[in-house]
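Enquirer:
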(Lines of atoms letter the chains of each structure in order from A and count residues from 1; the text may use other names and numbers.)
(Lines give C-alpha, C1' and ligand atoms only; values in the text may rest on other atoms or scores of the structure.)
Protein backbone atom coordinates (compact mmCIF):
# COMPACT_ATOMS: atom_id res chain seq x y z
CA UNK A 1 0.00 0.00 0.00
CA UNK A 2 1.27 3.44 -0.93
CA UNK A 3 2.00 5.87 1.91
CA UNK A 4 1.67 9.63 1.43
CA UNK A 5 3.05 12.15 3.91
CA UNK A 6 0.49 14.30 5.76
CA UNK A 7 0.74 17.96 4.77
CA UNK A 8 2.09 17.26 1.28
CA UNK A 9 0.78 17.21 -2.27
CA UNK A 10 2.13 14.09 -3.97
CA UNK A 11 1.35 12.12 -7.11
CA UNK A 12 -0.14 8.67 -6.71
CA UNK A 13 0.53 6.70 -9.89
CA UNK A 14 -2.10 4.20 -10.96
CA UNK A 15 -1.46 1.89 -13.91
CA UNK A 16 -4.69 1.00 -15.69
CA UNK A 17 -5.41 -1.96 -17.92
CA UNK A 18 -8.37 -2.33 -20.24
CA UNK A 19 -9.14 -6.04 -20.37
CA UNK A 20 -11.42 -5.53 -23.39
CA UNK A 21 -8.66 -3.57 -25.16
CA UNK A 22 -10.98 -0.71 -26.11
CA UNK A 23 -8.70 1.94 -24.59
CA UNK A 24 -5.02 1.93 -25.56
CA UNK A 25 -4.19 5.36 -24.12
CA UNK A 26 -5.85 7.50 -21.48
CA UNK A 27 -5.39 10.48 -23.81
CA UNK A 28 -8.29 9.07 -25.87
CA UNK A 29 -10.84 9.31 -23.03
CA UNK A 30 -12.73 12.35 -21.78
CA UNK A 31 -13.43 13.71 -18.29
CA UNK A 32 -10.55 11.72 -16.77
CA UNK A 33 -10.83 12.44 -13.05
CA UNK A 34 -10.34 10.88 -9.64
CA UNK A 35 -12.11 10.88 -6.28
CA UNK A 36 -10.77 9.92 -2.86
CA UNK A 37 -12.81 8.64 0.06
CA UNK A 38 -12.03 7.68 3.61
CA UNK A 39 -11.89 3.88 3.85
CA UNK A 40 -13.62 3.66 7.25
CA UNK A 41 -16.81 5.56 6.44
CA UNK A 42 -16.67 6.29 2.68
CA UNK A 43 -16.78 10.06 3.25
CA UNK A 44 -15.49 12.04 0.24
CA UNK A 45 -12.21 13.94 0.56
CA UNK A 46 -11.28 14.98 -3.01
CA UNK A 47 -13.87 14.88 -5.81
CA UNK A 48 -13.68 15.30 -9.59
CA UNK A 49 -9.97 16.14 -9.60
CA UNK A 50 -8.38 16.05 -13.08
CA UNK A 51 -5.82 13.29 -13.68
CA UNK A 52 -2.40 14.24 -15.07
CA UNK A 53 -1.15 12.19 -18.02
CA UNK A 54 2.41 11.31 -19.00
CA UNK A 55 2.67 10.64 -22.73
CA UNK A 56 5.55 8.21 -22.10
CA UNK A 57 3.20 6.02 -20.02
CA UNK A 58 -0.17 6.21 -21.81
CA UNK A 59 -2.10 3.99 -19.37
CA UNK A 60 -0.74 5.51 -16.15
CA UNK A 61 -2.85 8.02 -14.25
CA UNK A 62 -1.01 10.49 -12.03
CA UNK A 63 -3.38 11.54 -9.26
CA UNK A 64 -2.31 14.56 -7.21
CA UNK A 65 -3.20 13.72 -3.59
CA UNK A 66 -3.45 16.90 -1.50
CA UNK A 67 -3.03 15.82 2.12
CA UNK A 68 -3.09 19.44 3.31
CA UNK A 69 -6.90 19.15 3.15
CA UNK A 70 -8.65 18.74 6.50
CA UNK A 71 -10.22 15.40 5.54
CA UNK A 72 -6.88 13.59 5.50
CA UNK A 73 -5.83 12.27 8.91
CA UNK A 74 -2.47 10.68 9.72
CA UNK A 75 -2.77 6.94 10.30
CA UNK A 76 -5.96 6.56 8.24
CA UNK A 77 -6.48 4.62 5.01
CA UNK A 78 -8.18 6.01 1.92
CA UNK A 79 -9.63 4.78 -1.37
CA UNK A 80 -8.98 6.32 -4.77
CA UNK A 81 -11.37 5.87 -7.71
CA UNK A 82 -10.61 6.84 -11.31
CA UNK A 83 -13.45 7.71 -13.66
CA UNK A 84 -13.69 8.73 -17.29
CA UNK A 85 -15.90 8.62 -20.36
CA UNK A 86 -15.05 6.56 -23.43
CA UNK A 87 -17.65 6.25 -26.15
CA UNK A 88 -20.94 5.66 -24.39
CA UNK A 89 -19.37 4.19 -21.26
CA UNK A 90 -18.44 5.92 -18.00
CA UNK A 91 -16.58 3.40 -15.82
CA UNK A 92 -15.48 4.02 -12.25
CA UNK A 93 -12.28 2.07 -11.55
CA UNK A 94 -10.98 1.17 -8.13
CA UNK A 95 -10.53 1.31 -5.34
CA UNK A 96 -6.80 1.85 -5.12
CA UNK A 97 -5.88 2.01 -1.43
CA UNK A 98 -3.34 4.36 0.17
CA UNK A 99 -2.48 5.53 3.66
CA UNK A 100 -1.57 8.96 5.04
CA UNK A 101 1.17 9.17 7.69
CA UNK A 102 3.27 11.78 9.44
CA UNK A 103 7.02 11.53 8.83
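In the numbering used here, the protein residues as written are 1 to 103. Backbone N, C-alpha and C fix where the C-beta goes; we use that ideal spot for every residue, glycine too. No experiment lies behind these values; they were computed from the predicted model shown.
1) Return yes when the Cβ of residue 81 is within less than 9 Å of the Cβ of residue 41, no when it is not.
2) Give me whichever residues DSSP pairs with residue 6 in a beta bridge.
3) Could you tell me the alpha carbon to alpha carbon distance between residue 74 and residue 101, rounded to whole angstroms?
4) Pull up the distance between the alpha-carbon of residue 49 and that of residue 69, whole angstroms please.
5) Suppose the cutoff is 7 Å on Cβ atoms and the five residues either side in sequence are ignored; what does the same chain contact list for residue 1 look like?
6) For residue 56, tell me which candidate among 65, 93 and 25 has the shortest Cα-Cα distance.
7) Report the rounded CA-to-CA distance for residue 77 versus residue 37, giving the unit in angstroms.
8) Using DSSP bridges, identify the partner residues of residue 22.
Expert: So, from the data block:
1) no
2) Note: residue 6 sits in no beta bridge, so no partner.
3) 4 Å
4) 13 Å
5) 97, 98 and 99
6) 25
7) 9 Å
8) None, per the DSSP bridge assignment.
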